[in-house]
Amino acid sequence: LAKAFRSYARLAETAMAAEMPKDRSDKGNDAWRELNDVEGIGSIVAEALVDFYAEEHNREALAALLAEVTPLDEEVKTVNDSPVAG
């Protein structure tokens, strides 16, 4: 998740904006599809994230935690000196 979203703020924003599909013909909104497009994250994990952020007490607990700590953004690492680079 960190590599896909690069920052906690972006992950939280996406999870809170995600709308799960209502039936088999529904694909959910863009945020839902973005969560599901992350390698290794399927609909079960995406639904758990959406459900977690939907609960006000969870958001309050996170806000209290984030008042004390600052998550670091994921850094993009590039390798230029590899024999297989380029």
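Per this note's numbering, the very first residue in the sequence shown carries number 13; after that it's consecutive. Here a beta-carbon is modelled for each residue, glycine too, at the ideal position from N, C-alpha and C. Keep in mind it's a predicted model, so treat the numbers as computed, not measured.
Looking at the unbroken alpha helix (DSSP H) that takes in Leu13, where does it start and where does it end?
Neither: Leu13 is in no alpha helix (DSSP H) and is coded neither H nor E.
By Cβ distance, which residues of its chain are closer than 7 angstroms to Gly52, with the 5 residues on each side in sequence left out?
So no residue of the chain qualifies.
Can you tell me which of the three DSSP states Thr26 falls into?
In the structure shown, Thr26 sits in a helix (DSSP, three-state: H, G or I).
Alpha carbon to alpha carbon, how far is Leu84 from Asp63? Give it in angstroms, no decimals.
Spanning the two alpha carbons is a distance of roughly 24 angstroms.
Rounded to the nearest angstrom, how far is the Cβ of Glu86 from that of Ala30, given a contact under 8 angstroms?
Incorrect: roughly 20 angstroms between the Cβ atoms, too far for contact.
Under three-state DSSP, which class holds Arg36?
Three-state result, Arg36: coil.
Is it right to say His78 is buried, meaning 16 or more other beta carbons lie within 10 angstroms of its own, or is it exposed?
Rather than His, the amino acid found at residue 78 in this sequence is Leu. By the neighbour-count rule (16 or more Cβ atoms within 10 Å), Leu78 is not buried but exposed.
Run through the segment 45-80 for me and flag every whole alpha helix (DSSP H) of 4 or more residues, listed as ranges in chain order.
If we require 4 residues or more, the alpha helix (DSSP H) runs fully inside the segment 45-80 come out as 55-66, 68-78.
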